[in-house]
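Just below is one structure, and these are the notes that go with it.
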Amino acid sequence: MALKNSAEKFGSLTKLLHWLIFFLFIGQFFLVYRREYFPKNSPEKLQYILLHESLGVLLLVLALFMITWRHVGVRPTMPAHMSKFEKLIAKTTHLLLYATMLIQPLTGIAMSEYSGYEVGVFGWFKLPMLVAKNEQMGHLMSEIHEISSFVIIGLVSFHVIGALYHHFIKKDKVLLRMLPG
Ligand code: HEM
Ligand code: HEM
């Protein structure tokens with residue numbers, strides 16, 4: 050399987066990044082919601098949020114890599130049967146998905162730093178503190194972080210419906226070309 054994309058299908062690197070990011074998103078939601086079942090100030094509660102922060106930073110790095118890689122070489126063309134409007138909807142959804150891949154971790158990092166907490170990455174190192182403590186800004190970032198997480202659920206659901214529509218209704222290769230193999 051080729052590393053790079055071709056005009057017909059996605060290469061292995063785009064597929065790997067796409068599915069890694071997908072599983073990381075699932076993991077992120079699991080961690081913050083599972084965390085609610087532990088008592089306040091328990092070591093588990095802290096461990097869950099520390100892992101959430103580290104995986105969020107990893108997701109940011111992978112998203113930046115995927116965006117960069119997107120500009121290397123060609124990308125598969127959209128099927129000829131798609132109308133201009135359908136292509137516009139697909140492109141806009143992808144653009145918004147890329148935006149949320151950045152907004153979610155960046156607001157997470159900003160929320161922590163404005164609240165005065167350093168962000169550790171898997172216990173290996175800490176991100177530099179780029180802002181001074183500001184509770185109002187911390188609260189705003191937390192609000193955006195929460196709203197953006199709902200937006201992601203909506204966007205991904207729409208995106209999945211689109212992929213299934215291509216596969217089962219239009220019977221084209223759009224879904225297959227993003228699957229492994
Ligand atoms: C990149 C993917 C990420 C996703 C999908 C994600 C998702 C979420 C969700 C759904 C919540 C619960 C809603 C809320 O209370 O705001 C949350 C809370 C939180 N996230 Fe993230 N997040 C991500 C990245 C990050 C990063 C990079 C950090 C910090 C470095 C971070 C720090 C936090 C904190 C501190 C909370 C608050 C937990 C609480 O209120 O008890 N998140 N995140
Ligand atoms: C967190 C979840 C997901 C995110 C953030 C995401 C994001 C993206 C992005 C940004 C692209 C555009 C790639 C490009 O052309 O540059 C894309 C393409 C694609 N995604 Fe996802 N995706 C997610 C989940 C899924 C799932 C669950 C499926 C399948 C059911 C799926 C199927 C596809 C397909 C088939 C394409 C290729 C579309 C085309 O050929 O134009 N994605 N995804």
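Each residue of the sequence shown is one higher than the one before, starting from 50 at the first, in our numbering. Here a beta-carbon is modelled for each residue, glycine too, at the ideal position from N, C-alpha and C.
On the DSSP bridge assignment, give the partners of Phe114 in chain order. In DSSP, Phe114 forms no bridge with anything.
Relative to the alpha-carbon of Gln96, which residue among Asn54, Ser198, Pro154, Leu80 has its alpha-carbon at the smallest distance? Leu80
Cβ-based burial, Ile202 [other Cβ within 10 Å; buried from 16]: exposed
Limits of the unbroken alpha helix (DSSP H) element including Thr149: 133–163
If the criterion is Cβ atoms closer than 8 Å, does the pair Thr155 and Phe114 meet it? Residue identity differs from the one stated: residue 155 is Leu in this sequence, not Thr. It is not a contact, given that the beta carbons lie outside the stated cut-off.
What is the residue span of the alpha helix (DSSP H) that Phe79 lies within? 61–83
For Val180, the residue or residues it bridges with in DSSP: In the DSSP output, where bridge partners are listed per residue, Val180 has none listed.
Report the option in Leu137, Leu225, Glu184, Phe74 whose CA atom is closest to the CA atom of Gly165. Glu184
Using the Cα positions of Ser206 and Val110, report the straight-line distance between them to the nearest angstrom. 24 Å
So, at 7 Å on beta carbons, what are the nonlocal neighbours of Leu146 in its own chain, with the 5 sequence-adjacent residues on each side left out? Leu204, His208
In three-state DSSP terms, what is Val170? strand
Under 6 Å Cβ to Cβ from Arg83, same chain only, skipping five residues before and after it: list those, please. none
Who pairs with Lys175 in a beta bridge, going by DSSP? Gly169
Whose CB is closer than 5 Å to a heavy atom of ligand 1? List the residues in chain order. Gln77, Val81, Glu102, Gly105, Leu108, Gln153, Pro154, Gly157, Ile158, Ser161, Val168, His194, Glu195, Ser198
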